[in-house]
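Visitor: Just passing along the structure, written as structure tokens.
Residue numbers (our numbering): 283 to 562.
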């Protein structure tokens, strides 16, 4: 959404050329057929992953709209899901902001998650500050309530999806500590904490799989993606004792300036993504 700065070009490695060529020419929007496990049952739905670059203020950790602040170019992921449980609906969204310079910034800078259903809503925000995470949780549920937490500088699961798109070789592997995805912790009313995990990256021809296992949570997340850049995410699967959630790529649009497509006639793009003309 903004040309990469000259100062950033000087410190990025040579392979950043392909990153700039691909990611600085518009957004990528992918839609997925979702089967969401919740309440011990499987529920149909849909998911969207929207990747787009933005300049991001390092201090305030918000989009640099003035162009005059101390900022870095980030790849943002907006991950949305919609599914129904019986009569009522769930809608979730996680926005994660990860600098494209993986050497200078070993962690994402910020991640926010909101969940809405007919009972209430929850909001979680994690900001990376110096040597750890500052986390805010605001929830309708008594067990979660309003909490402010400080966590160590562990990997953020919600940011690993972006690292995967930029350079899978930078993904943590082996025994490590990861803060599980916010959608998982909120839907399952789990504590927000860094958890011991085993991670692996396996290449199998045209596709590769990144797998994270959390023994203490009895949870596994496996993301399958194209081995070659830009590492398109083909599907993912989350398995817990309560059931399995899967998402399979349905449609994909790239190099699109969706933020300008806000007129009734632009709804044709929703059809191209396999989405209903009216939001469900």
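Glycine included, every Cβ here is placed at the ideal spot set by N, Cα and C.
Given a cut-off of 7 Å, decide if residue 367 and residue 328 are closer than it, judged by their beta-carbon atoms.
Guide: Not closer than 7 Å, so no.
Visitor: The beta strand (DSSP E) spanning residue 501 covers which residue range?
Guide: Here the beta strand (DSSP E) through residue 501 covers 501-508.
Visitor: With distances taken between CB atoms, is the gap from residue 414 to residue 390 smaller than 7 Å?
Guide: Cβ atoms of residue 414 and residue 390: not closer than 7 Å.
Visitor: Do you know offhand how far residue 423's Cα is from residue 401's?
Guide: Each residue's Cα considered, the two are about 9 Å apart.
Visitor: Short check: CB of residue 404 to CB of residue 468, under 7 Å?
Guide: Result yes, Cβ atoms of residue 404 and residue 468 sit closer than 7 Å.
Visitor: In three-state terms, what does DSSP make of residue 346?
Guide: Correct three-state label for residue 346: coil.
Visitor: Using the beta-carbon count (16 or more within 10 Å), is residue 482 buried or exposed?
Guide: Exposed.
Visitor: Report the start-end ranges of each beta strand (DSSP E) in the stretch 315-346 that is 3 residues or longer and not cut off at the edges.
Guide: Entirely contained in the stretch 315-346, the beta strand (DSSP E) runs reaching 3 residues are, in chain order, 323-339.
Visitor: Report all residues from its chain with a CB closer than 6 Å to the CB of residue 394; omit the five preceding and five following residues, and keep chain order.
Guide: Same-chain partners within the cutoff: 377, 407.
Visitor: If we require 4 or more residues per run, which alpha helix (DSSP H) segments fall completely within the stretch 424-467?
Guide: For the stretch 424-467, whole alpha helix (DSSP H) runs of length 4 or above, ordered along the chain, are 439-448.
Visitor: Three or more beta-carbon pairs under 8 Å between the stretch 499-518 and the stretch 447-467, yes or no?
Guide: The answer is yes - the stretch 447-467 touches the stretch 499-518, with three or more Cβ pairs under 8 Å.
Visitor: Check for me: the alpha helix (DSSP H) holding residue 552 runs from which residue to which?
Guide: That run of the alpha helix (DSSP H) goes 550-554.
Visitor: When DSSP labels each residue in this structure, what does residue 422 get in the three-state scheme?
Guide: Reduced to three states, the DSSP call for residue 422 is coil.
Visitor: For residue 476, tell me which candidate among 432, 487, 349 has the shortest Cα-Cα distance.
Guide: Ranking the options by Cα distance to residue 476, first place goes to 432.
Visitor: Can you give me the C-alpha to C-alpha distance between residue 310 and residue 485, rounded to a whole angstrom?
Guide: Near 24 Å, if we compare the C-alpha coordinates of residue 485 and residue 310.
Visitor: Following the continuous beta strand (DSSP E) through residue 381, name the residue where it begins and the one where it ends.
Guide: Where residue 381 is concerned, the enclosing beta strand (DSSP E) stretches over 370-381.
Visitor: So, helix, strand or coil for residue 545, using DSSP?
Guide: If DSSP states are grouped into helix, strand and coil, residue 545 belongs with coil.
Visitor: Measuring alpha carbon to alpha carbon, tell me which of 316, 506, 306 ends up nearest residue 488.
Guide: Nearest of 316, 506, 306 to residue 488, Cα basis: 506.
Visitor: State the start and end residues of the unbroken beta strand (DSSP E) segment that holds residue 518.
Guide: Where residue 518 is concerned, the enclosing beta strand (DSSP E) stretches over 515-522.
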